[in-house]
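Q: Those protein sequence lines, which keep their order, are chains B and X. Under the working numbering, the first residue of the first sequence is numbered 1, with each subsequent residue one higher. Under the working numbering, the first residue of the second sequence is numbered 1001, with each subsequent residue one higher. A virtual CB, placed ideally from N, CA and C, is assigned to each residue, including glycine.
Protein chains: 2
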Amino acid sequence: MRKPGKSQTRQRILKFIHDFVDDRGYAPTVRDILRGCSLSSTAVVQHHLNVLEREGYIHRDPEVFRSIQLLDRKNTIRVPLLGSIAAGEPIPVPSSETWTSEAIEVLQLTEELTQGKEVYALKVNGLSMMDALIDDGDIVLMEPANTAEDGDVVAAWLKDKQEVTLKRFFQETGRICLQPANSQMKPIYVNPEDIEIQGRVIGVIRKL
Amino acid sequence: MRKPGKSQTRQRILKFIHDFVDDRGYAPTVRDILRGCSLSSTAVVQHHLNVLEREGYIHRDPEVFRSIQLLDRKNTIRVPLLGSIAAGEPIPVPSSETWTSEAIEVLQLTEELTQGKEVYALKVNGLSMMDALIDDGDIVLMEPANTAEDGDVVAAWLKDKQEVTLKRFFQETGRICLQPANSQMKPIYVNPEDIEIQGRVIGVIRKL
DNA sequence: TTGGTTTCCGAACACGTGTTTTATAAACTA
DNA sequence: TAGTTTATAAAACACGTGTTCGGAAACCAA
């Protein structure tokens, strides 16, 4: 009384879990799976779940009800939109307390975009970032940072011009090179003491 | 021995649920909340959960363990990355069957970005879209469309030039105006029969 | 004060649910 | 063929968990 294929029951179970989570928003129990896949013993389900976990498809916390997690699902992360970024004013830099308390709005993004880092978002005000290919109304994802590595795109405060700019950062001997994303535009060079790194840009989102 | 504020306990509970779900991937039980919020009776938690549900913050399925769902969570949607978009070639337009079968990769995005529409994604190849403030490597979110309204940003195939372009669409008398996002650049005008709308752009994503 | 509402406590009940055990049958290996 | 591994079945155990109830404490309004 065994299935012909190698393990088509396991495929059914995995699909059932997917559908169940999509539908109900939480994971099924062993007995939910039993009924949903027309099996007749919890031990069968138990066995297949163990195999699925060993093979890396799911994760379970032992003894915890409804704790099946599908490992190909990415978590969504709540990203606080802390304010705006404009040419003439420094950007809001989050303290540990502003994180959700002072958020104007809370975006919900996946690790696809946040890359697992603790980020915050800023809305771009005006056209001053156009040389970084950033439009009015775009949302930039920032990672808090005071320093930068070569090649990072940073939000830099230029003390002499009293303005913030988004450019690619390169450390050179005695000076810093800030390169626009738009390669048709020329880089600018500043003294290290005339610049203040306010954050690292890890993404841009434009909703139309 | 009652809390001073009006119902700060309820706030604590809601925050605890958020953190718990973020951390573990499934919802807490009544007793998890009890311990996590330093309360001493499940009935207290039960009461606050009822209020939270009545006020629309959460949803619970009666008698089901760990069934608390946070209603401000947006669903994540699997978006197929169907190919690339480059200057000299038409963009891949999805049939109903390519939807996930021919996907090069599957992005996972929230309704925040997809706006609830059925979208697909294309990776931008080259710098030809720079006048739309789109960089090499950016990902554009497309909604299938053959027509456009005034103001839409569309992917248009220009028959005479044999190239695809991303521009804002405006219908004028006898001609069509295609306006770059970069306002420093001039719009172009084409005959209605020289243009073919291949899709509507609803978003742009740049990962750095 | 008075009454009414909300919040809290402690305890108990009922059952959903993960787990284990034993047994049987099918498939694979040598 | 015999031996091993895998898949299935039925039943039972142990406890996690939603729910309920009676009563007390804090707050509010008249």
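Assuming residue 160(B) and residue 194(B) form a contact by the criterion Cβ under 8 Å, report the distance between their Cβ atoms to the nearest whole angstrom.
A: Position 160 of the first sequence, counting from 1, holds the residue named residue 160(B). Position 194 of the first sequence, counting from 1, holds the residue named residue 194(B). Between residue 160(B) and residue 194(B), the beta carbon gap of about 5 Å places them in contact (Cβ cut-off 8 Å).
Q: Following the continuous beta strand (DSSP E) through residue 1201(X), name the residue where it begins and the one where it ends.
A: Within the second sequence, the letter at position 201 stands for residue 1201(X). Residues 1195 to 1207.
Q: Who are the neighbours of residue 76(B) on chain X, taking C-beta pairs under 8 Å?
A: Numbered from its first residue, the first sequence carries residue 76(B) at position 76. Near residue 76(B) (Cβ distances below 8 Å), the residues of chain X are 1073, 1074, 1076 and 1110.
Q: Taking the alpha-carbon positions, what's the residue 1185(X) to residue 1150(X) distance?
A: On the second sequence, position 185 is the one that residue 1185(X) refers to. On the second sequence, position 150 is the one that residue 1150(X) refers to. Near 19 Å, if we compare the C-alpha coordinates of residue 1150(X) and residue 1185(X).
Q: Are three or more beta carbon pairs between the region 200 to 207 of chain B and the region 140 to 150 of chain B nearer than 8 Å?
A: The region 200 to 207 of chain B, when compared against the region 140 to 150 of chain B, does touch it at the 8 Å Cβ threshold.
Q: When the cut-off is 8 Å and only beta carbons count, does residue 1166(X) lie next to chain B?
A: Walking along the second sequence from the start, residue 1166(X) turns up at place 166. No - not a single Cβ of chain B is within 8 Å of the one on residue 1166(X).
Q: Output the boundary residues of the beta strand (DSSP E) element that contains residue 1169(X).
A: Sequence index remark: in the second sequence, residue 1169(X) carries index 169 (1-based). Unbroken beta strand (DSSP E) run through residue 1169(X): 1163 to 1171.
Q: What does DSSP give as the partner residue(s) for residue 84(B) in the beta ladder?
A: Locating residue 84(B) in the first sequence gives position 84, where the first residue counts as 1. In DSSP, residue 84(B) forms a bridge with 123(B).
Q: Label residue 1015(X) either buried or exposed according to how many other C-beta atoms from any shown protein chain fall within 10 Å of its C-beta, with 16 as the threshold for buried.
A: As a working mapping, residue 1015(X) is identified with position 15 in the second sequence. By the neighbour-count rule (16 or more Cβ atoms within 10 Å), residue 1015(X) is not buried but exposed.
Q: Counting only beta-carbon atoms, is residue 1107(X) nearer than 8 Å to chain B?
A: As a working note, residue 1107(X) is residue 107 in the second sequence. Yes - at least one Cβ of chain B is within 8 Å of the one on residue 1107(X).
Q: Is residue 1070(X) closer than 8 Å to residue 1017(X) when the C-beta atoms are compared?
A: As a working mapping, residue 1017(X) is identified with position 17 in the second sequence. As a working mapping, residue 1070(X) is identified with position 70 in the second sequence. Yes, these two residues count as a Cβ contact at 8 Å.
Q: Would you be able to state if there are at least three C-beta pairs under 8 Å between the region 1121 to 1140 of chain X and the region 1160 to 1175 of chain X?
A: yes
Q: Taking the C-alpha atoms as reference points, what is the distance between residue 1092(X) and residue 1108(X)?
A: On the second sequence, position 92 is the one that residue 1092(X) refers to. On the second sequence, position 108 is the one that residue 1108(X) refers to. Cα to Cα, the separation comes out at about 20 Å.
Q: To the nearest angstrom, how far is it from the Cα of residue 1201(X) to the Cα of residue 55(B)?
A: The residue given as residue 1201(X) occupies position 201 in the second sequence. The residue given as residue 55(B) occupies position 55 in the first sequence. Taking the straight line joining both Cα atoms gives about 39 Å.
Q: Look up residue 1142(X) in the DSSP assignment and say whether it is helix, strand or coil.
A: Working through the second sequence from its first residue, we reach residue 1142(X) at position 142. It is a strand residue.
Q: Residue 147(B) lies in the beta strand (DSSP E); which residues open and close that run?
A: One-based indexing of the first sequence puts residue 147(B) at position 147. Here residue 147(B) belongs to no beta strand (DSSP E), and DSSP marks it neither H nor E.
Q: Quick one: grab the DSSP three-state call for residue 1077(X).
A: Residue numbering aside, residue 1077(X) sits at position 77 when the second sequence is read from its first letter. Three-state DSSP puts residue 1077(X) in a strand.
Q: Where does residue 108(B) sit, in a helix, a strand or coil, going by DSSP?
A: Here residue 108(B) is taken as the residue at index 108 of the first sequence, counted from 1. Residue 108(B): strand per DSSP, three-state reduction.
Q: Taking only beta-carbon atoms, is residue 1066(X) less than 8 Å away from chain B?
A: Locating residue 1066(X) in the second sequence gives position 66, where the first residue counts as 1. At least one chain B Cβ lies under 8 Å of residue 1066(X).
Q: Along chain X, which residues have their Cβ under 9 Å away from the Cβ of residue 205(B)?
A: Locating residue 205(B) in the first sequence gives position 205, where the first residue counts as 1. Neighbours of residue 205(B) on chain X, chain order: 1112, 1113, 1203, 1204, 1205 and 1206.
Q: Let me know the secondary structure DSSP gives residue 1179(X) once reduced to three states.
A: Counted from its first residue, the second sequence places residue 1179(X) at position 179. Strand, per DSSP.
Q: With a cut-off of 8 Å, does the C-beta of residue 1181(X) fall near any C-beta of chain B?
A: In the second sequence, the residue the question calls residue 1181(X) occupies position 181. Yes - at least one Cβ of chain B is within 8 Å of the one on residue 1181(X).
Q: Taking the alpha-carbon of residue 1090(X) as reference, which of 1122(X), 1169(X) and 1188(X) has the nearest alpha-carbon?
A: Taking the first residue of the second sequence as position 1, residue 1090(X) is located at position 90. Answer by Cα proximity: 1122(X).
Q: Got a sec, what are the start and stop residues for the beta strand (DSSP E) residue 190(B) sits in?
A: In the first sequence, counting from the first residue as 1, residue 190(B) sits at position 190. Segment 188 to 190, the beta strand (DSSP E) holding residue 190(B).
Q: Less than 8 Å between CB atoms is the rule here; does residue 27(B) satisfy it with respect to chain X?
A: Reading the first sequence from its first residue, position 27 is the one you call residue 27(B). At least one chain X Cβ lies under 8 Å of residue 27(B).
Q: So, does the CB of residue 69(B) fall closer than 8 Å to a CB anywhere in chain X?
A: As a first step, residue 69(B) is located in the first sequence; it is residue number 69 there, counting from the start. Cβ-Cβ to chain X under 8 Å: yes for residue 69(B).
Q: Would DSSP call residue 1064(X) helix, strand or coil?
A: Locating residue 1064(X) in the second sequence gives position 64, counting from the first residue. It is coil, neither helix nor strand.
Q: Specify the secondary structure class of residue 1058(X) as computed by DSSP and reduced to three states.
A: In the second sequence, counting from the first residue as 1, residue 1058(X) sits at position 58. When secondary structure is reduced to three states using DSSP, residue 1058(X) falls in the strand class.
Q: Anyone know if the C-beta pair for residue 1111(X) and residue 1077(X) falls short of 8 Å?
A: Here residue 1111(X) refers to the residue found at position 111 of the second sequence. Here residue 1077(X) refers to the residue found at position 77 of the second sequence. Taking 8 Å as the Cβ cut-off, residue 1111(X) and residue 1077(X) qualify as a contacting pair.
Q: Once DSSP output is grouped into helix, strand and coil, what is the label at residue 1071(X)?
A: Within the second sequence, numbered from 1, the residue matching residue 1071(X) stands at position 71. Residue 1071(X) falls in the coil class under three-state DSSP.
Q: Of the residues 1060(X), 1057(X), 1113(X) and 1124(X), which one's Cα is nearest the Cα of residue 1083(X)?
A: Within the second sequence, numbered from 1, the residue matching residue 1083(X) stands at position 83. Of the listed residues, the one whose Cα sits closest to residue 1083(X) is 1124(X).
Q: The ligand ADP and residue 126(B): does the residue's C-beta get closer than 7 Å to at least one heavy atom of that ligand?
A: Because no ligand of any kind appears in the structure shown, any question about the ligand ADP cannot be addressed here.
Q: Just to confirm, is the Cβ distance from residue 37(B) to residue 60(B) under 8 Å?
A: If you number the first sequence from 1, residue 37(B) lands on position 37. If you number the first sequence from 1, residue 60(B) lands on position 60. Not in contact: residue 37(B) and residue 60(B) (Cβ atoms no closer than 8 Å).
Q: Throw me the rounded Cβ distance for the residue 222(B) and residue 29(B) pair, which I believe falls under 8 Å.
A: No information on residue 222(B) is available, as it lies outside the stretch 1 to 208 that chain B covers here.
Q: By the DSSP assignment, the alpha helix (DSSP H) with residue 36(B) in it spans what residues?
A: Reading the first sequence from its first residue, position 36 is the one you call residue 36(B). Its alpha helix (DSSP H) spans residues 30 to 36.
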